Amino acid sequence: MIPTDYALSHSDLDAITTLIRLRYGYDFTNYARASFRRRIQYCMGLAAIDSPQELLFQLTNDPAFFTWLVQSITVNVTEMFRDPPFYATLREKILPRLASYPVIKIWHAGCSTGEEVYSMAILLHEAGLLERCRIYATDLNPANLEKARQGILPLAPMKDYTVNYRQAGGSRAFSAYYTARYDHVIIHKSIRDSILFAQHNLVTDQVFNEFQLVCCRNVLIYFNKELQNQVIRLFHNSLAPLGYLAIGLKESLLYTDLQAQFEVVSAAANIYRRTR
Amino acid sequence: MSHPYPPQIVVIGGSAGSVRVVIGMLETGIFPLSVPVIMVLHRPKNVVSELDIVLSRPDLAVREPVDKEPLLPGGLYLAPQNYHLLVDEGVFNLDTSEPVNFSRPAIDVTFESVADAYAGRALGILLSGANQDGSWGLTRIISRGGIGIVQRPDTADYADMPRSALATNPDALALSPLQIIDYLNNTFVVTNRP
């Protein structure tokens, strides 16, 4: 149930982000305010916290509370082969071009609990490229990364994921990629081992390698324009010349300063390429 | 209830049985209004929907906004599938967090966000539907000084959503689709004509 009573003011939000930044080093200052406010209010409802003052008190005095908050505040909703047409385009248009590189380096930024990066690894496997790939999957949330590393997913949504996989052009037996036991599945070891999971905060951390493909879908929507510019610049600096950038279907480079540094490869799948 | 200022935004929520009403409204020729209009209509996810094309007319485009797109006066915007749609500082913000009321987009989420951003300058309209989404959001709009309109249940193909909204919001106006069109016409087209 969503609480009805409070609407946090701008100054409440400023006080909360300032405290978190100074006390814990996570910088939410330039997160998109509308969704950030909603997440904070959602967490306050879960924790039965009635006022911004009480929230500030908890944050000041209880690091375990902050750990819980950062886990709950970040949106961890994901699925395998989310937006099947995107994966179909990746399979048909992008992977054949990546195949020309002796070593293919891929950065999946904001990987959450790993469903989408596992989807990408399956495509690479089917294209015969996985052995030549170095896939780095990063998230700011350590709890997400731990889950992603384990590769254990609930069984229930696998039926939907199978449909997604087929819509994305998959023609093999999807069940060959995992082993089901009780109400969970574990992703096959060869897929799991192809991905290196590491903590990286897009707001505060820097370039760490040079990539042929950066995939960051439905993460930028949580940032304001200023932070979007900063992060797109980080991606630009992380891409090899002519490297690919994939963003969410409803995200756009149109409202950023770096629009001219990229050319559109697929407008429908929202895939761009760094111009030299 | 008298409101000293005309609303600066209209947000329309609907579920089962609402598309017919929306098409009827769009056919009257009162659009574009002098303010942005946002529509949140429940749709299945992960199937290709062309509702924006269905709703668009030769002289009247209905767009699914992308993240950070500015809201323009006269714009007709449809919440995209599989995202919540929020607004702040004159631009759209998309959000992929958990469904609310089993829905993404959820009407409650957009209504709340519009209430936060526009306070007393928001007009929320809730149409036909078979669940409770929108009731809470309408409360939020009205409690911040905005106006709430609900499709009269006896004119709705599915009356649950309007009924629920009227039960929780005694201050909302219950209007038939034709009365809603008149209301918009009087509020925007007439009052804003030079």
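Protein chains in written order, with our numbering: chain G, 1 to 276; chain C, 277 to 470. Note that CB positions come from ideal geometry on N, CA and C, so glycine has one too. All values reported here derive from a predicted model rather than from experimental measurement.
In terms of beta-carbon proximity, G:Glu251 lines the interface with chain C, with at least one pair separated by less than 9 Å. With its beta carbon less than 9 Å from one in chain C, G:Val75 belongs to the interface. As for any alpha helix (DSSP H) of minimum length 4 sitting wholly inside the stretch 383–463 of chain C, the runs are 383–394, 411–419, 436–444, 453–460, ordered along the chain. It is roughly 33 Å from the alpha-carbon of G:Tyr182 to the alpha-carbon of G:Ile106. With the rule of 3 Cβ pairs closer than 8 Å, the stretch 112–122 of chain G counts as touching the stretch 185–201 of chain G.
Pairing G:Ser252 with G:Glu210 gives a Cβ-Cβ distance that is not under 9 Å. For G:Phe262, the closest C-alpha among the options G:Tyr255, G:Arg273, G:Leu145, G:Arg192 is that of G:Arg273. Judged by DSSP secondary structure, G:Ala240 falls outside any alpha helix (DSSP H) and instead within the beta strand (DSSP E) spanning 239–247. Between C:Asn462 and C:Gly413, the alpha-carbon positions lie close to 24 Å from each other. Only residues of its own chain outside the window of five on either side were considered, and among them Ile106, Tyr244 have a CB closer than 6 Å to the CB of G:Leu213, listed in chain order.
In the three-state DSSP reduction, C:Tyr359 falls in the coil class, being neither helix nor strand. If you check the CB distance, C:Pro438 and C:Gly405 come in under 9 Å. The beta strand (DSSP E) runs of length 3 or more contained entirely in the stretch 57–138 of chain G are, from start to end of the chain, 104–109.
DSSP, read as helix, strand or coil, puts G:Gln259 in helix. With at least 16 other beta carbons inside 10 angstroms of its own, G:Gln228 counts as buried. With a threshold of 9 Å between beta carbons, C:Ser389 makes contact with chain G.
At least one CB atom of chain G sits nearer than 9 Å to the CB of C:Leu362.
A distance below 6 Å between beta-carbons, with the five flanking residues on each side excluded, links C:Ser332 to the following residues of its chain, in chain order: Val338. Per DSSP, G:Tyr178 is one residue of the beta strand (DSSP E) stretching across 178–181. Close partners of G:Leu220 in chain C (Cβ separation under 8 Å): Asp343.
C:Lys344 is classed as buried because its beta carbon has at least 16 other beta carbons within 10 Å across all chains shown. Counting only residues of its own chain and dropping the five nearest sequence neighbours on each side, G:Leu56 has a CB closer than 8 Å to the CB of Ala15, Ile16, Leu19. A Cβ-Cβ contact shorter than 9 Å links G:Arg132 with G:Tyr101.
Distance between G:Ser175 and C:Asp458, taken at the CA atoms: about 56 Å. In the DSSP annotation of this structure, C:Gly290 is not part of any alpha helix (DSSP H); the continuous beta strand (DSSP E) holding it starts and ends at 285–290.
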